[in-house]
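Notes follow the structure.
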Amino acid sequence: MQRLFTGLQPSGALHIGNYLGALKPTADLLAETDGLVMIADYHALTSLKDAAHMRANILSVAKDYLAAGIDPRTSVMFKQSDVPEHTELGWVFQCLVTTAFLELSHAYKDKVAKGLESNAGLFAYPMLMAADILLYDTDIVPVGQDQRQHVEYAREAAAKFNSAFGETFKEPKEMILESVATIPGTDGKKMSKSYGNTIPLFGSKDEIAKAVMGIVTDSSGDRPENVYAIHAAFRRKEDLDTLYESKKGKYKDLKEALIEDIEALVAPMREKRDSISDEDVKKVLVDGGERARERASKKMVNVKQRIGVAL
Ligand code: TYM
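In my numbering, the protein residues as written are 679 to 989.
Have a look at this one:
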């Protein structure tokens, strides 16, 4: 059975880009893989410095995972901070790569360009992510396009460690579905919490409608391209083209059709999510943390022998 690993940051409400690009492909694969899904709370600490928000976001993201179809009985769902081996191995990898290599990270450069504080954690972020993935001998990492380079960094960390200390880590592969690799936001750029162009995944119907009605449309063509580009993730191309042809120029009708399509997808998940309590989630995370730690600590014993700190 292939080992699957993925994660997401509890840095705010999830949007439909997170769902379509990563959460759904993960949920679809879990039945046939040995899966681990992680809440990357220490990664979120690079930008989120508010304990109450952190706590609320962790619980909220865990509910999102469960509502999106992740079954904690067949896969391991946990939070990063419950398995200290992640930060421990992250340190080991930091000592194997150069600062020049980390400076090549697109995600780092983008975040700093957007005005995010360039703290040392943000800079070393890819090595913590490499540790997340490599601790579990992962084969596949389902993610959106924006995480491709981070998985390359993980392969590079594995290769560097293996050549310095002997074969220890497996090189993982990203799994990026082309059709949903980059879901655009309401302004046509990549949908992203930090661009303020998101359609919330578990918003109320009104919140979803408000975001969709706010999609920027350009009146120069027949087709509202920004609406079409998001809609393309919800319907087959032939269906969509027929709809857009029959509603040529009727932007409001097309936006309403998109709202209905999003609602049809989200409504059953929203209902499921409402039935999950904070207590349910905490139990799942404690259990998942224990199971993840059992595996991670075995791997770390091996790492410590390899690097010579275990006497
Ligand atoms: P994060 O929290 O930014 O995003 C979570 C997942 O959602 C995907 N995604 C998108 N996919 C398609 N279109 C979009 N507009 C879009 N926006 C976001 C992301 O690609 C990601 O798959 N570094 C990671 C979290 C992480 C991780 C890991 C992932 C930590 N450790 C180990 C995989 C394996 C991140 O910040 O994702």
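We treat Cβ as the ideally placed atom computed from N, Cα and C, and that holds for glycine.
Owing to the predicted nature of the structure, the values given are computational and were not obtained by experimental measurement.
{"Item": "Distance CB(Arg-681)-CB(Asp-824) smaller than 7 Å", "Value": "no"}
{"Item": "Nonlocal neighbours in the same chain, by C-beta distance under 8 Å from Leu-780, ignoring five residues either side", "Value": "Tyr-786, Phe-801, Ala-802, Pro-804, Met-805"}
{"Item": "Nearest-angstrom Cα separation, counted from Arg-971 out to Val-754", "Value": "10 Å"}
{"Item": "Proximity test, Cβ basis, 7 Å: Ser-975 and chain D", "Value": "Absent from the structure is chain D; it holds one protein chain and no more."}
{"Item": "Nearest neighbour of Leu-744, chosen from His-721, Val-715, Ala-809, Ser-841 [CA to CA]", "Value": "Val-715"}
{"Item": "Exposed unless 16 or more other CB atoms sit within 10 angstroms - verdict on Asp-742", "Value": "buried"}
{"Item": "Whether Arg-948 touches Tyr-922 by CB criterion (7 Å)", "Value": "no"}
{"Item": "Residue range of the unbroken beta strand (DSSP E) whose run includes Asp-987", "Value": "The identity of residue 987 in the sequence shown is Val, whereas the question assumes Asp. Note, Val-987: premise wrong, no beta strand (DSSP E); not H, not E."}
{"Item": "Bridge partners - Phe-683, DSSP secondary structure assignment", "Value": "Leu-714"}
{"Item": "Own chain, CB closer than 6 Å to Val-739, minus 5 neighbours either side, in chain order", "Value": "Pro-688, Ile-717"}
{"Item": "Cβ contact (3+ pairs, closer than 8 Å) linking the stretch 872-884 and the stretch 915-933", "Value": "no"}
{"Item": "Contacting residues, own chain, Cβ-Cβ under 6 Å from Ile-694 (five flanking each side not counted)", "Value": "Ile-877, Leu-879"}
{"Item": "Start and end residues, alpha helix (DSSP H) containing Val-890", "Value": "883-891"}
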